[in-house]
């Protein structure tokens, strides 16, 4: 049986890289004594798939990984076990069983939402609500994407699904996070800051991934649901 | 929405953490890290390994002491490692004091800074730690507010080159005397006593060496004339501390598990301390006498518990010579059964190659991908007798043949160059032995089964005489001699029939010379170390940062001749800088062994026949085992 684990990552553990998070979970699953499935061969490894790698420095409250398990005593038991072996900064939020046909976590990712806030609680984006709405109302938002060989102009507007300022005065966005069209939150904020003439200092902002979504609709008419929407408690 | 946890208490700003390599080295918060309320403890102890996090986190000794201290209710022990060069630069520029990982508090506010000294080439890193911590480098310049700086580990068996930088050295195994030391510290503080009073009392606790209470005078030739206490009640000789109840002494069952991959990324089970072998070049073999084994039932319990507490995918046995552990077979079979069920890998270093170990290895590793390791240390039987390395050519060839039949095809060989009495013939022996092993492969493996071509990797390091070994009197080679010996080895390899199957590697000679200077150095070296550090020498153990020219220039400026410590012949009656220390093995025994080496005579190991080295005075271990009278084969 395949289960999808949702977790948060914050605080000091923002500075742990993606590979280290994978290693953390491999060990956490052992500490929790979960009957996880292993690959065959001389160096068996846990059958594990992460949804979308999170950059170093970012917080998240919507991270996911899938693991294959051989036996269990229900989702509540598994959640408790995992929570008891975690550390301050990585918190398991839920565990759900996936239906047979569900795609793996990484392939399922269609979108993600982010909050971009000033670290200094005195500062916020309040007052920029209209400017942001105006920016979002455009049909084209061109950014320069630099690859190893070339730089190219890309229109990211079609990949931005929501963009507003929340009650805390932080910018919130829902954007394409699929492997083909992933939009980094900084693409959006950089373009907006240039548009609105906002100057920020390096490292002044904290980006937090709020949720990772799958597409429960069609390519033409997407319906974004949290990645574990497809799963069920067991 | 309001999100929790953006702000966490870290000593380094986000800006710094986002611009340096591997920020996870500095944030603490690892699994099993111990957090206490600093208001509720009496003693704050910072435990330091003066090298980068991934190296320091791999060290068993720190995990043992960290666990021991944190079992004490009145103590909070935290960890600190050398900031890597990128952060080092930033901390100096921004005047950020070095901090402990757990609380992220400055080290200078702690009661103790404990530094484990595992290799000579970390000496400048010790100064880096003190400097970044904003603690005066010299012990005599420290004030009441500064932490007590205490050193431990193998290099403290000749602490003299760095004696000026330490308030105390703890000689021997850490498990025995720290409680007493901390009680004295607390009592002294309560009574309003100062630093000097505490150190004076500490110097009277067994195993504690407080350098300031000893004076050294030198003869005209630079050797030591006298080494004497300068205060009343200070012992003239300090006997090492040792754990005799090795099974019941606390062991870290919940070691701290790093996020980033450490060098030792596995559960480490210490099965025994000490070694029965008595190889004459080996310092550990003398320092940790007598051999003490940990009970096998205890080890089985620990293995299961530690795997559960850490989630590690691998377990490794730690000892100087695992094959000599009397219940090895039982332990390994237990681990194989347990680990198979838990899909844990087993790594078995320091195993003698024989039918048993090959059988075990074929069960726990992929034969095709792994290699076989022998450490003959010398190329000829004559020289192996000189160094008392019991391994014979016959045993190596027999082991190799069995291994080749079992499917292995890669062999690693470790040798030393520059051993006492070495001749060109001994050096040629390295190439010839490598060749014979390759030839064995072609003898025992039929043509149709030679899917993986045989590969022999022979590596040589340069021999460095160490204190408390029979070779402490020996002359070390010069850099030029070392390099010539490496070239001779290379030429000899190229003359072999199977030369294409043999790969030869050798170590840097410059670092070996430096290590040789520090290993048998005296207090006169402190100036050199300090000056080299001030000129920017740190991370000397890391080839890319070792600045030989700066060191050599500094020796000259300080008017210190490195050759005095390395290539000089020493007479049997010379007073060595470390002679006031007593590791349990007496000097008469070492002299006997030095003479037997020159006579090319092998000495039986502790289980075969007691040699009266002196370690029996500790009242336990192998010294009091019933001897079977005959020895198993090597």
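Protein chains in written order, with the working numbering: chain A, -3 to 230; chain B, 23 to 656.
Here a beta-carbon is modelled for each residue, glycine too, at the ideal position from N, C-alpha and C.
Provide the residue span of the alpha helix (DSSP H) that contains residue i, from first to last.
| i | result |
| --- | --- |
| residue 147 of chain B | 145 to 154 |
| residue 53 of chain B | Where residue 53 of chain B is concerned, there is no enclosing alpha helix (DSSP H), given that its DSSP letter is neither H nor E. |
| residue 37 of chain B | 36 to 41 |
| residue 381 of chain B | 377 to 386 |
| residue 538 of chain B | 531 to 541 |
Output the distance between the C-alpha atoms of residue i and residue j, rounded to the nearest integer angstrom.
| i | j | result |
| --- | --- | --- |
| residue 647 of chain B | residue 314 of chain B | 10 Å |
| residue 479 of chain B | residue 521 of chain B | 11 Å |
| residue 122 of chain B | residue 109 of chain A | 36 Å |
| residue 612 of chain B | residue 441 of chain B | 17 Å |
| residue 302 of chain B | residue 616 of chain B | 8 Å |
| residue 55 of chain B | residue 32 of chain B | 15 Å |
| residue 162 of chain B | residue 576 of chain B | 23 Å |
| residue 93 of chain A | residue 60 of chain A | 13 Å |
| residue 90 of chain B | residue 273 of chain B | 8 Å |
| residue 387 of chain B | residue 263 of chain B | 38 Å |
| residue 102 of chain B | residue 70 of chain B | 5 Å |
| residue 308 of chain B | residue 233 of chain B | 23 Å |
| residue 357 of chain B | residue 283 of chain B | 23 Å |
| residue 657 of chain B | residue 448 of chain B | Here chain B covers residues 23 to 656 and nothing more, so residue 657 of chain B does not appear. |
| residue 490 of chain B | residue 609 of chain B | 8 Å |
| residue 412 of chain B | residue 623 of chain B | 11 Å |
| residue 261 of chain B | residue 229 of chain B | 6 Å |
| residue 99 of chain A | residue 71 of chain A | 20 Å |
| residue 100 of chain B | residue 44 of chain B | 20 Å |
| residue 638 of chain B | residue 268 of chain B | 15 Å |
| residue 84 of chain B | residue 569 of chain B | 29 Å |
| residue 187 of chain A | residue 107 of chain A | 19 Å |
| residue 113 of chain B | residue 574 of chain B | 28 Å |
| residue 27 of chain B | residue 85 of chain A | Confidence is the limiting factor: at residue 27 of chain B the pLDDT is only 49, short of 50, which leaves the residue's position unreliable and the question unanswerable from this model. |
| residue 418 of chain B | residue 396 of chain B | 7 Å |
| residue 640 of chain B | residue 265 of chain B | 9 Å |
| residue 150 of chain B | residue 64 of chain A | 47 Å |
| residue 287 of chain B | residue 392 of chain B | 18 Å |
Could you give the residue range of the beta strand (DSSP E) that holds residue i?
| i | result |
| --- | --- |
| residue 438 of chain B | 432 to 439 |
| residue 231 of chain A | This structure cannot speak to residue 231 of chain A, because chain A is shown only from -3 to 230. |
| residue 551 of chain B | Unbroken run through residue 551 of chain B is the alpha helix (DSSP H), 547 to 556; no beta strand (DSSP E). |
| residue 399 of chain B | 394 to 399 |
| residue 477 of chain B | 477 to 484 |
| residue 421 of chain B | No beta strand (DSSP E) contains residue 421 of chain B, which is instead part of the alpha helix (DSSP H) from 415 to 427. |
| residue 170 of chain A | 167 to 172 |
| residue 58 of chain A | 55 to 64 |
| residue 19 of chain A | From DSSP, residue 19 of chain A is part of no beta strand (DSSP E) but of the alpha helix (DSSP H) over 14 to 27. |
Using CA coordinates, which residue listed in the options is at the minimum distance from residue i?
| i | options | result |
| --- | --- | --- |
| residue 142 of chain A | A:150, A:81 and A:124 | A:150 |
| residue 311 of chain B | B:649, B:630 and B:606 | B:606 |
| residue 208 of chain A | A:-1, A:71, A:42 and A:170 | A:170 |
| residue 205 of chain A | A:216, A:193, A:166 and A:186 | A:166 |
| residue 68 of chain A | A:52, A:56, A:32 and A:57 | A:32 |
| residue 603 of chain B | B:49, B:243 and B:178 | B:178 |
| residue 351 of chain B | B:327, B:321, B:211 and B:529 | B:321 |
| residue 175 of chain A | A:103, A:91 and A:52 | A:103 |
| residue 385 of chain B | A:19, A:164, A:119 and A:37 | A:37 |
| residue 364 of chain B | B:330, B:344, B:235 and B:538 | B:330 |
Closer than 8 Å by beta-carbon distance: list the chain A residues that pair up with residue i, in chain order.
| i | result |
| --- | --- |
| residue 45 of chain B | 11 and 52 |
| residue 381 of chain B | The premise fails here: residue 381 of chain B is roughly 16 Å from chain A at the closest Cβ pair, so nothing lies under 8 Å. |
| residue 331 of chain B | 27 |
| residue 388 of chain B | 38 and 39 |
Using a cut-off of 9 Å between C-beta atoms, extract the partners of residue i located in chain A.
| i | result |
| --- | --- |
| residue 582 of chain B | Simply none; closest approach about 43 Å. |
| residue 328 of chain B | Result: empty, since nearest Cβ-Cβ is about 11 Å, beyond 9 Å. |
| residue 200 of chain B | What residue 200 of chain B touches in chain A: nothing, since even the nearest Cβ is about 28 Å away. |
For a contact defined as C-beta to C-beta under 7 Å, what are the partners of residue i on chain B?
| i | result |
| --- | --- |
| residue 84 of chain A | 51 |
Taking C-beta pairs closer than 9 Å, name the residues in chain B that residue i reaches, listed in chain order.
| i | result |
| --- | --- |
| residue 34 of chain A | 365 |
Along chain A, in chain order, which residues have C-beta atoms closer than 7 Å to that of residue i?
| i | result |
| --- | --- |
| residue 282 of chain B | 16 |
| residue 39 of chain B | 11 |
| residue 359 of chain B | Going along chain A, no residue has its Cβ under 7 Å from residue 359 of chain B, so there is no contact; the nearest lies around 16 Å. |
message: If we require 3 or more residues per run, which beta strand (DSSP E) segments fall completely within the region 86 to 128 of chain A?
response: 86 to 93 and 107 to 114
message: Could you tell me which whole alpha helix (DSSP H) segments of length 4 or greater appear in the region 304 to 373 of chain B?
response: 306 to 309, 318 to 332 and 350 to 364
Segments assigned beta strand (DSSP E), at least 3 residues, entirely inside the region 60 to 108 of chain B: 65 to 71 and 97 to 103
- request: Output the residue ranges of the beta strand (DSSP E) runs that lie fully inside the region 174 to 226 of chain B and measure 3 residues or longer, sorted by chain position.
  value: 190 to 192
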